[in-house]
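Enquirer: For this note's numbering, add 91 to where a residue sits in the sequence shown, where the first one is 1.
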Amino acid sequence: MMGYYRRYCERRADARAVGTNGKRWIRTWINVFRTETEARVPQDEAQLAQLICEGEFSCVGKSHSYNGVQVVPSVTAMMMREGGLTTLAYDPASETVRVGASVSVRDLKVYLRDEHRRGLYNAGNYMEQSVIGALATGTHGFGPRAVMADAIVELTFLDGSGQRVTLKRGDPEFAYVALSFGTIAPIVELVLETKPLESYVSVSSMSRLSKLDELKQGALAVNWAVMPYTNPEDPVIMLHALAECDQAGAIATHPKASGGSGKFAAWFLRRYYKLDRFLPKLRRPMQRIIDWLDLKQSERVITDPDDLDYLYDPQPGLKENRAPSITRGLFSTTYTGYNLAFFVPLEKAPAVVKFIIREADGLRDLGFFLKGIISVREMPGEAGPHFAANAERPMAAIDLFADPRDYAWLERIQRLVMHYEPDTRPHFGKSALGPEFCKTLDTAHLAELMRIHRRYYPQGQLMFSERVRAMLDVGRPVAGVPAADAGLA
Ligand SMILES: Cc1cc2nc3c(=O)[nH]c(=O)nc-3n(C[C@H](O)[C@H](O)[C@H](O)COP(=O)(O)OP(=O)(O)OC[C@H]3O[C@@H](n4cnc5c(N)ncnc54)[C@H](O)[C@@H]3O)c2cc1C
């Protein structure tokens with residue numbers, strides 16, 4: 092009770108602090124990493140240029156990353172999302188949009204839709220983040236052009252003396268800086284490719300992992316969520332496939348739910364999602380009932396071209412304005428749990444998921460439960476930025492969710508996956524970052540990123556997260572990091 096009250100007071104204090112300069116708490120989403128530090132809200136680029144020359148600084152977008160990549164103790168935090176860098180300008184000739192560092196993904200999508208009938212190639216499933224923060228961490232959706240940063244054609248950042256530097260796609264340093272997780276900052280403007288608004292055929296199916304290949308056929312974009320406490324040999328999955336409207340017939344489906352068992356299942360699932368959030372111990376028996384029901388059913392929807400979140404919620408309008416449904420239930424975990432994610436080669440995803448199911452089940456007696464789903468977003472094709480998840484080959488994004496107190500178990504699972512699948516790559520806003528990722532990110536690429544960093548910030552005043560510094564083996568922990576304060580490092 093006291094804990095809830097304390098958290099309520101913290102939230103109110105954080106809300107009051109938005110837009111203000113001075114000592115403030117910077118907290119990650121779900122509050123697992125935090126620090127109290129000086130914050131500055133830049134009103135325009137000239138003021139930002141002046142502020143970054145005053146001493147050590149870091150950049151914060153909306154502070155929605157889970158893994159603390161935006162939390163740097165003891166240095167002045169530039170609160171980019173709260174500032175006045177609100178450029179939004181569409182160029183019909185190149186079909187690109189110029190966007191400033193204070194603009195949110197929602198503002199950008201609404202502007203493109205309402206004023207130019209255009210949209211983004213891809214997006215994450217939440218829209219309050221700053222566009223630049225999201226792109227800097229490799230935020231992605233699924234399907235073609237899955238990593239948002241792959242759509243950047245030009246970007247402008249301020250160097251250590253506050254001067255503008257503009258890089259264009261094709262410039263030698265561009266592919267490093269376009270996805271650089273806070274090591275090149277502040278990025279003040281980006282230019283992004285856009286696409287026309289269009290409808291898709293969206294098929295949501297409840298099925299089994301063994302049916303994955305069959306149900307994927309003919310789809311343009313695919314994501315699937317696995318219920319981890321169903322049959323570990325062939326778990327229940329909920330699959331979401333998108334196809335071009337003229338390809339609708341090519342997508343495989345199960346018959347639509349009908350009759351008593353279908354209705355009972357829908358009734359049961361609605362209650363399941365409510366209980367699942369609060370009673371983790373019931374999760375396994377309830378998922379076993381779902382397993383026993385052995386449902387195979389599909390729903391087909393034509394998405395509304397104006398729908399901003401069609402990738403995650405195919406019904407028209409925004410999911411946040413609607414009561415929970417089967418498809419919405421898939422993703423509600425994001426709002427209630429700690430989310431750790433990483434990327435594995437696409438063809439390995441089913442085996443990795445089965446491995447995680449077994450590992451997690453073995454930890455049950457220690458009180459650890461994954462939240463209701465493991466989410467898998469398929470990322471075909473290859474992206475341009477060197478540190479994009481699918482820079483080298485098609486990948487699958489695996490998202491795990493657990494109660495915040497259990498987040499360390501997620502780190503353990505990540506480490507085990509990395510051990511058995513060495514090509515695992517990090518999500519810069521959600522993975523537990525560390526030196527183990529250097530090989531898969533290519534040590535030569537990382538060294539080049541650090542060379543670019545030193546070239547533009549020779550004064551050394553741009554600071555980035557201790558976990559990223561440890562990963563890149565640069566500098567020492569700063570004051571405020573316990574290892575430094577304790578004299579350990
Ligand atoms: C509810 C929720 C849903 C999510 N869904 C998805 C999803 O579907 N897919 C996905 O891939 N991720 C998802 N994420 C992760 C999220 O998109 C990223 O963590 C993203 O970085 C958050 O953006 P932000 O503005 O909050 O950035 P922050 O967390 O504030 O910062 C992230 C990084 O960007 C840097 N940065 C910020 N602004 C600038 C700037 N102007 N110049 C240079 N560097 C800068 C920071 O230094 C830091 O390194 C989700 C997160 C939440 C909370």
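Even for Gly, the Cβ is constructed at its ideal location relative to N, Cα and C. Quantities reported herein were computed from a predicted structural model and do not represent experimental measurements.
Does the beta-carbon of residue 277, which I'm using as the reference point, lie nearer than 7 Å to any heavy atom of ligand 1?
Expert: yes
Enquirer: Give me, in chain order, the residues of the same chain whose beta-carbon lies closer than 8 Å to that of residue 338; leave out the 5 immediate sequence neighbours on both sides.
Expert: Taking C-beta separations shorter than 8 Å and ignoring five residues to either side along the sequence, the partners of residue 338 in its chain run 292, 309 and 311, following chain order.
Enquirer: Could you tell me the boundaries of the alpha helix (DSSP H) in which residue 307 lies?
Expert: 303-307
Enquirer: Might you give, ordered along the chain, the residues of its own chain that have their beta carbon closer than 6 Å to the beta carbon of residue 343, omitting 5 neighbours on each side?
Expert: 305, 306 and 308
Enquirer: Which first and last residues belong to the alpha helix (DSSP H) in which residue 376 is found?
Expert: 371-384
Enquirer: Is it the case that the segment 252-264 contacts the segment 485-495, given that we only count it when at least three CB pairs across the two stretches are under 8 Å?
Expert: The segment 485-495, when compared against the segment 252-264, does not touch it at the 8 Å Cβ threshold.
Enquirer: Under a three-way DSSP split, which group does residue 231 fall into?
Expert: strand
Enquirer: Roughly how many angstroms separate the alpha carbons of residue 158 and residue 295, rounded to a whole number?
Expert: 31 Å
Enquirer: Comparing the C-beta of residue 223 with each C-beta of chain D, is any distance below 8 Å?
Expert: Included in the structure is just one protein chain, with no chain D present.
Enquirer: Give me the Cα-Cα distance between residue 152 and residue 279, rounded to the nearest whole angstrom.
Expert: 11 Å
Enquirer: Going by alpha carbons, who is nearest to residue 265 out of 243, 388 and 277?
Expert: 243
Enquirer: DSSP three-state label for residue 545, please.
Expert: helix
Enquirer: Might you give, ordered along the chain, the residues of its own chain that have their beta carbon closer than 8 Å to the beta carbon of residue 141, omitting 5 neighbours on each side?
Expert: 253
Enquirer: Between the beta-carbon of residue 360 and the beta-carbon of residue 328, is there less than 8 Å?
Expert: Result no, Cβ atoms of residue 360 and residue 328 do not sit closer than 8 Å.
Enquirer: I want to know whether the segment 201-210 touches the segment 165-173 - three or more CB-CB distances under 8 Å.
Expert: no
Enquirer: Within 10 angstroms of its Cβ, does residue 336 collect 16 or more other Cβ (buried), or is it exposed?
Expert: exposed
Enquirer: Is it buried or exposed for residue 553, if we count other Cβ within 10 angstroms and need 16 for buried?
Expert: buried
Enquirer: Going along the chain, which unbroken runs of the alpha helix (DSSP H) with 4 or more residues stay wholly within the segment 424-501?
Expert: 424-427 and 440-453
Enquirer: Helix, strand or coil: how does DSSP classify residue 268 here?
Expert: helix
Enquirer: Please return the same chain residues whose Cβ sits closer than 6 Å to the Cβ of residue 363, not counting the five positions on each side in sequence.
Expert: Non-local beta-carbon contacts of residue 363 in its own chain, meaning distances under 6 Å to residues more than five positions away in sequence, involve 377 in chain order.
Enquirer: Exposed or buried, which one is residue 275 when buried takes at least 16 other CB atoms within 10 Å?
Expert: buried
Enquirer: What residue range is occupied by the uninterrupted alpha helix (DSSP H) comprising residue 562?
Expert: 557-563
Enquirer: Does the beta-carbon distance from residue 154 to residue 118 come in below 8 Å?
Expert: The Cβ atoms of residue 154 and residue 118 sit closer than 8 Å to each other.
Enquirer: If I measure Cβ to Cβ from residue 316 and keep anything under 6 Å in the same chain, skipping five residues before and after, which residues do I get?
Expert: 329, 421, 464 and 466
Enquirer: Mind checking which residues open and close the beta strand (DSSP E) that includes residue 196?
Expert: From DSSP, residue 196 is part of no beta strand (DSSP E) but of the alpha helix (DSSP H) over 196-207.
Enquirer: Using a Cβ-based criterion (distance less than 7 Å to any ligand heavy atom), does residue 256 qualify as near ligand 1?
Expert: no
Enquirer: Determine the burial state of residue 331: buried for a count of at least 16 other Cβ atoms within 10 Å of its Cβ, exposed for fewer.
Expert: buried
Enquirer: Can you tell which of 535, 461, 439 and 532 has its C-alpha closest to the C-alpha of residue 512?
Expert: When each option's Cα is compared against that of residue 512, the closest is 439.
Enquirer: Less than 7 Å between the CB of residue 544 and some heavy atom of ligand 1, yes or no?
Expert: no
Enquirer: I need the straight-line Cα distance from residue 116 to residue 193, nearest angstrom please.
Expert: Distance between the alpha carbons of residue 116 and residue 193: 19 Å.
Enquirer: Nearest to residue 282 by CA position, among 546, 217 and 190, is which residue?
Expert: 190
Enquirer: Would the beta-carbon of residue 482 fall within 8 Å of that of residue 526?
Expert: The answer is no: Cβ separation not under 8 Å.
Enquirer: Kindly examine ligand 1 and report whether one of its heavy atoms sits closer than 7 Å to the Cβ of residue 172.
Expert: yes
Enquirer: Using a Cβ distance threshold of 8 Å, determine whether the segment 506-525 contacts the segment 223-230, with at least three qualifying pairs required.
Expert: yes
Enquirer: Does the distance between the C-beta of residue 216 and the nearest non-hydrogen atom of ligand 1 fall short of 7 Å?
Expert: Checking every heavy atom of ligand 1 against the Cβ of residue 216, one is found closer than 7 Å.
Enquirer: When the Cα atoms are used, what is the spatial distance from residue 486 to residue 238?
Expert: 11 Å
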